[in-house]
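*Asks:* Here's a structure for you.
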Amino acid sequence: TAIALLTPSATLERIARTSVTFRDLSRAARAWYLEAGEWRDRAAGYAIQGRGAMLVRRIDGDHTNVIGLPLAMTVEVLEEAGLSPWR
1 TAIALLTPSA TLERIARTSV TFRDLSRAAR AWYLEAGEWR DRAAGYAIQG RGAMLVRRID
61 GDHTNVIGLP LAMTVEVLEE AGLSPWR
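Written out as structure tokens, the structure reads:
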């Protein structure tokens with residue numbers, strides 16, 4: 001995920017990389033997940049914040065990046081630009 005914030009004095013850019021390793025899934029596990037329909041409308045075809053968490057063996061990096069937006073990095077960029085997310 002890339003974040004860029006353009007300010008009057010600079011462009012702040014960051015890239016978050018997160019690696020997700022799935023378990024070896026049985027046919028029954030795959031069917032269980034597909035039948036639930038949680039994968040619909042998901043960029044990666046699964047929802048790690050829901051049933052999809054049971055499919056994952058390991059996450060290397062920011063788990064919020066997997067969900068959609070690397071929150072800690074976003075807050076850091078906002079703070080660096082002098083913008084407070086705490087209001």
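The sequence shown: position 61 = 61 (our numbering), numbered continuously. Positions of the beta carbon are idealized from the N, C-alpha and C atoms, including for glycine. Predicted, not measured: the structure shown is a model, and the values here were computed from it.
#1: Are threonine 18 and valine 66 touching if we call contact CB-CB under 7 Å?
#2: Might you give, ordered along the chain, the residues of its own chain that have their beta carbon closer than 6 Å to the beta carbon of threonine 64, omitting 5 neighbours on each side?
#3: DSSP three-state call for alanine 31: helix, strand or coil?
#4: Evaluate the contact criterion for the stretch 5 to 13 versus the stretch 37 to 49: three or more CB pairs, one atom per stretch, below 8 Å.
#5: If you check the beta carbons only, do isoleucine 15 and alanine 29 fall under 7 Å apart?
#6: Looking at arginine 23 and arginine 57, is the spacing between their C-beta atoms short of 7 Å?
#7: May I have the straight-line CA-CA distance separating proline 85 from glutamate 13, to the nearest angstrom?
*Replies:* According to the structure shown:
#1: Cβ distance < 7 Å, so threonine 18 and valine 66 count as in contact.
#2: The beta carbon of threonine 64 is closer than 6 Å to those of Pro70, Leu71 in its chain, skipping five residues each way along the sequence.
#3: Helix.
#4: With the cut-off at 8 Å, the stretch 5 to 13 and the stretch 37 to 49 do not touch.
#5: Going by C-beta atoms, isoleucine 15 is not nearer than 7 Å to alanine 29.
#6: At a Cβ-Cβ threshold of 7 Å, arginine 57 and arginine 23 count as neighbours.
#7: Taking the straight line joining both Cα atoms gives about 18 Å.
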